[in-house]
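Mapping of the sequence shown onto the UniProt record's numbering: position 387 corresponds to residue 387, and the numbering continues sequentially without gaps.
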Amino acid sequence: MASRPGILTDWPWKPLGSFKHVILAPWVIHSTYSYMIKDEKDLSTFLAFPLLLWRMLHNQLWISLSRYRTAKGNNRIIDKAIEFEQVDRESSWDDQILFNGILFYVGIKTIPGASHLPMWRLDGVIMTALIHMGPVEFLYYWLHRLLHHHYLYSRYHSHHHSSIVTEPITSVIHPFAEHISYFILFAIPMITTIVTGTASVASLAVYITYIDGMNNMGHCNFELVPKWLFTIFPPLKYLMYTPSFHSLHHTQFRTNYSLFMPIYDFIYGTTDTSSDTLYEDSLKRPEEAPDVVHLTHLTTPDSIYHSRLGLAYLASNPQKSKWYLSLMWPVTLWTVMLTWIYGRAFVVERNRFHKLRLQTWTLPKYNIQYNLQWHKASINTLIEEAILDAEEKGVKVLSLGLLNQGEELNRYGELYVQRYPSLKTKVVDGSSLAVAAVLNSIPKGTTQVLHRGNLSKVAYAVVLNLCRRGIQVAVPNEDDYKRLKKSFGITSDQNNLILSKNYSIKVYHTYDFFCFQGIRNQFFVKKITT
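This is the structure:
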């Protein structure tokens, strides 16, 4: 939100919340019905909705790429992390696509020549490019400078500049009033080609994709434009900006105003003097070497959407099955194939705790694969490669998360430590933290606990510590009782371990947690009676 929000700040459909997409339904249904049922074979109108879907997918691909690259660290421009407030503020990035969709459908119905367009016309493509390079870039430059005037900046444009560390979708986070002015600018080439009869499906789709692509690139926070491009064609410096060029606008505010072509900044003397230096430094920046790595894995094919590389809306909520994810099966299948081909751990997140640099790496394996005996060798190979990669990067601690460690799989990581005795990276399985979490959740004054479930490493430790605290632990399974008794040795603690096949005490609470083999353990705590 801007510091002093002006009129037309909020989108008209804000009260609809997550149901806002229904506003396009009448137009989509009508265009589909007209094309499929009626004898109105207007392919250009029918393709309007697929174009909107393509824009959403295009933006999401940039989001995922940017988060992956900034997590790795190589070529990163700004080293700060993204705050939760920014994630929430930018969660409405698809509003501008809905707005454009409404205007497209209205324009098709009201502007003569906007329907029944040909698929391709070269003259329309050339005209679109020339009009963008001239009037659009020029007018945007001065509009942008006007938006930085105190009156408009405090009421509108400061909302966009709330994000110092940018993501691709930061490019479209503006108040509603700003988007109206931007659409008027970008409509100049499209309406001109329609009026002159040179428009085509290709010229409109390519132009819109170009705008989205350049917007996303300029805000992605990692440098990806190779230096050899400017060496081969020096004038390109004035015709295409770089992510580092626009990043300076978000940190310095009063420089680098251009849309996509820096030529107008050079003409009017608003180019930041450090543009070239930041560009070269960003290109040289190596991949970040973390201090701590948490090695986890995917759970289901849909779980990729719940990660930081996926959809922010899903990643910020507990994982649940969503009906609309089933409609995305082509994308899901593509991600499954990509992870299968890639075949190694990849970075999904980075964090910083004081001076410690932390990263989360994910293995391209799913829960079901950990339960298949013939997959265990390949899983261990991937884990081993990740550990060796961490060793090479100087990682101090690597923790094995979820199902990446277990007695049958790799003896809770002991397999790798024995295989590489000179390993400097400390491999941990998180058992101590899990045990502490269970113990600290049991109410003070508890006298008896019932344990049920698989005897994992965590379960052994929990039972042992409960007995040491003087709490009786009842085990209903005789084999489990004998194994626990044997592990205690000859100590007084074993007196608190009892075998009870008919345990009928009043249950106070049930403590459930997933141990690292994925098998649930349960601890029933008796309520204290006085």
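Each residue gets a CB set at the ideal place from its N, CA and C atoms; glycine is no exception.
To the nearest angstrom, report how far apart residue i and residue j are at their CA atoms.
i	j	result
MET240	TYR140	15 Å
THR196	GLY107	15 Å
ALA81	LEU122	44 Å
ALA437	GLU407	21 Å
PHE49	ASN380	45 Å
ASP10	LYS457	54 Å
SER500	ALA434	26 Å
ALA25	LEU98	11 Å
TYR508	ILE442	Low confidence applies here, because TYR508 scores a pLDDT of 36, under 50, leaving its location unreliable; read the following figure in that light. Cα-Cα distance, rounded: 10 Å.
LEU497	HIS354	43 Å
ARG468	ASN477	21 Å
ARG69	PRO135	34 Å
ASP88	LEU143	27 Å
TYR460	LEU423	27 Å
MET445	SER163	For clarity, residue 445 is Gly in the given sequence; the question names Met instead. If you take the alpha carbons of GLY445 and SER163, they lie about 50 Å apart.
LYS14	LYS109	26 Å
ASN59	PRO318	24 Å
residue 532	LYS38	No information on residue 532 is available, as it lies outside the stretch 1 to 530 that the chain covers here.
Comparing C-alpha positions only, which one of the options sits nearest to residue i?
i	options	result
LEU403	VAL395, LEU298 and LEU311	LEU298
MET133	ASP123, HIS174 and PHE186	PHE186
ILE194	HIS116, PHE488, SER3 and CYS467	HIS116
GLY401	GLN359, VAL438 and SER422	GLN359
LEU450	ALA459, LEU466, VAL475 and ILE442	VAL475
ILE102	GLN405, VAL28 and ILE341	VAL28
ASN371	GLU392, LEU409 and VAL397	LEU409
residue 546	GLY6, CYS467 and TYR105	Look at the range of the chain in this structure, 1 to 530, and you will see that residue 546 is not part of it.
THR251	SER258, HIS161 and PHE233	HIS161
LYS396	LEU356, TRP340, GLY413 and ILE368	LEU356
SER18	HIS58, SER91, PRO235 and GLN60	SER91
GLY213	ILE169, LEU8, SER422 and TYR460	ILE169
residue 531	LEU327, PRO118 and PRO235	Any question about residue 531 goes unanswered here, given that the chain covers just 1 to 530.
ILE304	GLU287, MET328, ARG285 and PRO286	MET328
TYR210	LEU439, ARG452, LEU464 and LEU51	LEU51
ILE208	LEU16, ASN367, LEU53 and TYR342	LEU53
By Cβ distance below 8 Å, which residues in the same chain neighbour residue i in space, the five residues on each side in sequence not counted?
i	result
LEU455	ASP480, ARG483 and LEU484
LEU147	TYR153, TYR156, HIS157 and GLU178
LYS41	TYR35
GLY413	LEU400, GLN405, VAL427, VAL428 and ASP429
PHE183	PHE99, ASN100 and LEU103
Take the Cβ of residue i as the centre, count every other Cβ of all protein chains shown within 10 Å, and call the residue buried at 16 or more, exposed below.
i	result
HIS219	buried
LYS506	Here LYS506 scores only 42 on pLDDT, less than 50, and its place in the model should not be relied on; the value that follows carries that caveat. Exposed is the call here.
SER432	exposed
VAL22	exposed
ALA71	buried
TRP93	buried
ARG350	buried
THR242	buried
GLU167	buried
LEU398	buried
ASN221	buried
MET337	exposed
ILE232	exposed
ALA377	exposed
PRO262	buried
TRP62	buried
GLN373	exposed
residue 531	Examination of residue 531 is not possible in this model, given that the chain is present from 1 through 530 alone.
SER321	exposed
SER3	exposed
Go through its chain and collect everything with a Cβ distance to residue i's Cβ below 7 Å, but skip five positions before and after it.
i	result
TYR255	Per the sequence shown, residue 255 should be read as Thr rather than Tyr. Hits under 7 Å: LEU248, HIS249, THR270, THR271 and ASP272.
ASP95	TRP11
ASP302	LEU325 and THR332
LEU283	ASN75, GLU223 and LYS227
HIS375	GLN369
LEU466	VAL449 and VAL473
Take residue i and list the residues in its own chain whose beta-carbon comes closer than 6 Å to its own, dropping the five residues that flank it on each side.
i	result
VAL237	According to the sequence displayed, residue 237 carries Lys and not Val. If we look at LYS237 and ignore the five residues flanking it on each side, its Cβ neighbours are PHE230.
TYR279	THR242 and SER244
ASN215	SER171
LYS393	ALA289
ILE519	Unreliable placement is indicated for ILE519, whose pLDDT of 35 sits below 50; the coordinate value is still reported in the next sentence. Closer than 6 Å at the Cβ level, and outside the excluded window around ILE519, lie ASN454.
GLU137	LEU259 and MET261
Would you check if there are 3 or more beta carbon pairs closer than 8 Å linking the region 283-292 to the region 257-272? Between the region 283-292 and the region 257-272, the count of C-beta pairs closer than 8 Å stays below three; the two stretches do not touch.
* Please confirm if the region 360-376 is in contact with the region 335-349, defined as three or more CB-CB distances below 8 Å between the two stretches. => When C-beta atoms of the region 360-376 are compared with those of the region 335-349, three or more pairs fall below 8 Å, so the two segments count as touching.
ask   = Touch check for the region 195-204 and the region 119-132: three-plus C-beta pairs under 8 Å?
value = yes
Problem set entry | Touch test, the region 324-332 against the region 261-270, Cβ-Cβ under 8 Å, three pairs minimum | no
Indicate whether the contact test is met: 3 or more Cβ pairs, each with one atom in the region 380-393 and one in the region 413-428, closer than 8 Å. yes
inquiry  = Does the contact criterion of 3 or more C-beta pairs under 8 Å hold for the region 412-420 versus the region 302-318?
reply    = No, because fewer than three Cβ pairs between the region 412-420 and the region 302-318 fall closer than 8 Å, the two stretches do not touch.
Quiz item: If we count Cβ pairs, one from each stretch, closer than 8 Å, do we get three or more for the region 300-309 versus the region 23-43?
Solution: With the cut-off at 8 Å, the region 300-309 and the region 23-43 do not touch.
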